[in-house]
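Colleague: Chains as they are written, first to last, in the working numbering: chain A, 1 to 219; chain B, 220 to 438.
All C-beta atoms, glycine included, are put in the ideal place defined by N, C-alpha and C.
To start, I am sharing the structure in question, which I have written as structure tokens.
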DNA sequence: ACTGTTACTCACCGATTGGTGACAGACCGG
DNA sequence: CCGGTCTGTCACCAATCGGTGAGTAACAGT
């Protein structure tokens, strides 16, 4: 893999156009970041290292040290980039939902979160990483993710007050933990605690069970 | 670290005699297995390899190849050894519980499982491993764990029929997923989804929320 | 055109990994 | 006693890891 610009140049080499700017720092930086994200999403954190990222980015690892200050900085950049998650995952159409109770809201958020996590391999890998390791790298990344998730929840919640008499923080933590583990387990082995999670039908069952769980506590 | 026997020998040989290692295959095998389990429990699967296990077991890695056929066989042996989990985790005192409803049962099982997982680092690491990787190694280990858990649940359930009209498989999968993620997240970072999980007070809150969740679906 | 800076590549380092073949010593049957 | 098997050790392999210092090629300012 080469720089995007380099690829573009290669593609139009048929013409006699003079090559322009193979040396483009910001493009290289973007290529590195993109390579890192893709690598993390596809391969997981096991084989996530300087050499692998440089290989995939098609540049020398030295550039990663120079531009990001090593893997730590690169991971931090990924974390910073995680803010874009919020924008992508907020449905602009919030209409059609009248008179939301807290139960309505949590049911909707749970299903949305499950769906979002299902088709975001990078986020899944990060969650798995958080659980498996406790280095400073992961801690920072975890904070960024937590922050992004919190922001997402805030945006989605709007101005709705939680019910009294229930420890919503703890209950919601359990609900979201449930979703995360279900999705991660499914992504890894196609099942969770013996429950098959492969085709759409399986996930429909899971969704129904999730609704029932949420409705059970929040009515 | 050396064999226990070897250590004993070393302790009583002041320095005159050349140290002799006891030739005891089964003891060495046990030492290797124990080292592997401890290593996995303490360090996690990140640095789990032939060299690390041999180092901790105080023997040459060649012996791991000979006795277990490499890491795969060793992991499989760990899985086979996982059956003992069931015996350790079944409270012999099942009296004092009259007229169990399914809700009573699931509440009790949930709390027991959470507690059991909380003080079993090896099991936690295995769960985290399952989620993070999908190699043949992990698959076998996962199966063994799943089997052990299933056996445990059977033993605990006794002869109690689940309620109709509820997809108990899916709901229970969600509940146990919730517990696993909560405990793993806590073990890694002392919190889960912003919910602090450090001292006993925190866990008490989590337990209450868990009860509420279970009671919500199963009454 | 000269100079200095920027962007980038390359070669090398020590350490560690998984894996193998050769060897030494202890034990046992003959 | 000898010879073979079992148990354990050691040296070595190629590959990969993270990390660094030095060199090269393209650019910009003058």
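Between the segment 419-427 of chain B and the segment 184-201 of chain A, can you find at least three pairs of beta-carbon atoms closer than 8 Å?
Modeller: No: fewer than three Cβ pairs fall under 8 Å.
Colleague: Could you spell out the range, first to last residue, of the alpha helix (DSSP H) harbouring residue 202 of chain A?
Modeller: Residue 202 of chain A -> alpha helix (DSSP H) spans 200-218.
Colleague: Where does residue 415 of chain B sit, in a helix, a strand or coil, going by DSSP?
Modeller: In this structure, residue 415 of chain B counts as strand in the three-state DSSP scheme.
Colleague: Quick one: is the Cβ of residue 326 of chain B within less than 6 Å of any heavy atom of the ligand FAD?
Modeller: Ligands are entirely absent from the displayed structure, and the ligand FAD is therefore not among its contents.
Colleague: Is residue 391 of chain B buried or exposed, if buried means 16 or more other CB atoms sit within 10 Å of its CB?
Modeller: With 16 or more other Cβ atoms within 10 Å, it is buried.
Colleague: Beta carbons nearer than 8 Å to chain B: which residues of the segment 31-62 of chain A have them?
Modeller: Cβ contacts with chain B come from 44, 45, 46.
Colleague: Does chain B have any CB closer than 7 Å to the CB of residue 238 of chain A?
Modeller: No answer is possible for residue 238 of chain A: it lies beyond the span of chain A, which begins at 1 and ends at 219.
Colleague: Chain A partners of residue 347 of chain B, CB-CB under 7 Å?
Modeller: Going along chain A in sequence order, the residues near residue 347 of chain B (Cβ under 7 Å) are 131, 132.
Colleague: Measure from the C-beta of residue 184 of chain A to each C-beta in chain B and report whether the shortest distance is under 7 Å.
Modeller: Chain B contact via Cβ: present.
Colleague: Identify the continuous alpha helix (DSSP H) that holds residue 51 of chain A and give its terminal residues.
Modeller: From DSSP, the alpha helix (DSSP H) with residue 51 of chain A extends over 50-57.
Colleague: Taking 7 Å as the threshold (C-beta atoms), are residue 177 of chain A and residue 397 of chain B in contact?
Modeller: Yes.
Colleague: Name, please, each residue of chain B whose Cβ falls closer than 7 Å to the Cβ of residue 110 of chain A.
Modeller: By Cβ distance, chain B contributes nothing, its closest Cβ being about 10 Å from residue 110 of chain A, past 7 Å.
Colleague: Please go through the same chain and pick out, in chain order, the residues whose beta-carbon is closer than 7 Å to the beta-carbon of residue 101 of chain A, but skip the five residues on each side of it.
Modeller: None.
Colleague: Please report how far the alpha carbon of residue 426 of chain B lies from the alpha carbon of residue 408 of chain B, in whole angstroms.
Modeller: For residue 426 of chain B and residue 408 of chain B, the distance between alpha carbons rounds to 18 Å.
Colleague: Hey, does residue 174 of chain A have any beta-carbon neighbour from chain B nearer than 7 Å?
Modeller: Closer than 7 Å to some Cβ of chain B, the Cβ of residue 174 of chain A qualifies, so yes.
Colleague: Residues of chain A with CB closer than 7 Å to the CB of residue 386 of chain B, please, in chain order.
Modeller: By Cβ distance, chain A contributes 205, 208, 209.
Colleague: Counting only beta-carbon atoms, is residue 148 of chain A nearer than 7 Å to chain B?
Modeller: Not one chain B Cβ lies under 7 Å of residue 148 of chain A.
Colleague: Kindly indicate which three-state DSSP category residue 46 of chain A falls into: helix, strand or coil?
Modeller: Residue state, collapsed to three classes: coil.
Colleague: Could you give the distance in angstroms between the alpha-carbon of residue 451 of chain B and the alpha-carbon of residue 260 of chain B?
Modeller: Because chain B is modelled from 220 through 438, residue 451 of chain B falls outside the range shown and cannot be assessed.
Colleague: Which ranges would you report for the alpha helix (DSSP H) in the segment 341-395 of chain B if only whole runs of at least 4 residues count?
Modeller: Counting whole runs of 4 or more residues, the segment 341-395 of chain B contains the alpha helix (DSSP H) stretches 355-376.
Colleague: Count the other C-beta atoms from every protein chain shown that fall within 10 angstroms of the C-beta of residue 36 of chain A, then say buried if there are 16 or more, exposed otherwise.
Modeller: Under this definition residue 36 of chain A is a buried residue.
Colleague: Expressed to the nearest angstrom, what Euclidean distance is found between the alpha-carbon atoms of residue 33 of chain A and residue 338 of chain B?
Modeller: If I take the Cα positions, the gap works out to 39 Å.
Colleague: With DSSP as the reference, please indicate the residues paired to residue 410 of chain B in a beta bridge.
Modeller: Answer is B:415.
Colleague: By how many angstroms is the C-alpha of residue 402 of chain B removed from the C-alpha of residue 363 of chain B?
Modeller: Taking the straight line joining both Cα atoms gives about 20 Å.
Colleague: With a CB to CB cut of under 7 Å and the five nearest residues on each side skipped, what residues in its chain are close to residue 127 of chain A?
Modeller: Answer for residue 127 of chain A: 180, 184, listed in chain order.
Colleague: Give me the Cβ distance between residue 195 of chain A and residue 388 of chain B, rounded to the nearest whole Å; I'm assuming they're in contact under 8 Å.
Modeller: The Cβ separation is near 6 Å, so the contact holds.
Colleague: With residue 431 of chain B and residue 217 of chain A assumed to form a contact (beta carbons below 8 Å), what rounded beta-carbon distance in angstroms separates them?
Modeller: Correct: roughly 6 Å between the Cβ atoms.
Colleague: Taking residue 399 of chain B as the query, report the chain A residues whose CB atoms sit under 7 Å from its CB, ordered along the chain.
Modeller: Near residue 399 of chain B (Cβ distances below 7 Å), the residues of chain A are 181.
Colleague: Tell me the rounded alpha-carbon separation between residue 359 of chain B and residue 155 of chain A.
Modeller: When rounded, the distance between both Cα atoms is 42 Å.
Colleague: Taking the continuous alpha helix (DSSP H) assigned at residue 112 of chain A, which residues delimit it?
Modeller: Run containing residue 112 of chain A: 102-118, per the alpha helix (DSSP H) assignment.
Colleague: I'd like to know if residue 414 of chain B contacts chain A, where contact means its C-beta is closer than 7 Å to some C-beta of that chain.
Modeller: Yes, residue 414 of chain B lies at the interface with chain A (some Cβ there is under 7 Å from its Cβ).
Colleague: Kindly give me the distance between the Cβ atoms of residue 160 of chain A and residue 105 of chain A, rounded to whole angstroms, as I take these residues to be in contact under 8 Å.
Modeller: Confirmed, Cβ separation roughly 6 Å.
Colleague: Can you tell me whether residue 232 of chain B is buried or exposed? The criterion is at least 16 other CB atoms within 10 Å of its CB, across all chains shown.
Modeller: Legend: pLDDT at residue 232 of chain B = 37, less than 50; position of this residue unreliable, value from coordinates given subsequently. Residue 232 of chain B comes out exposed.
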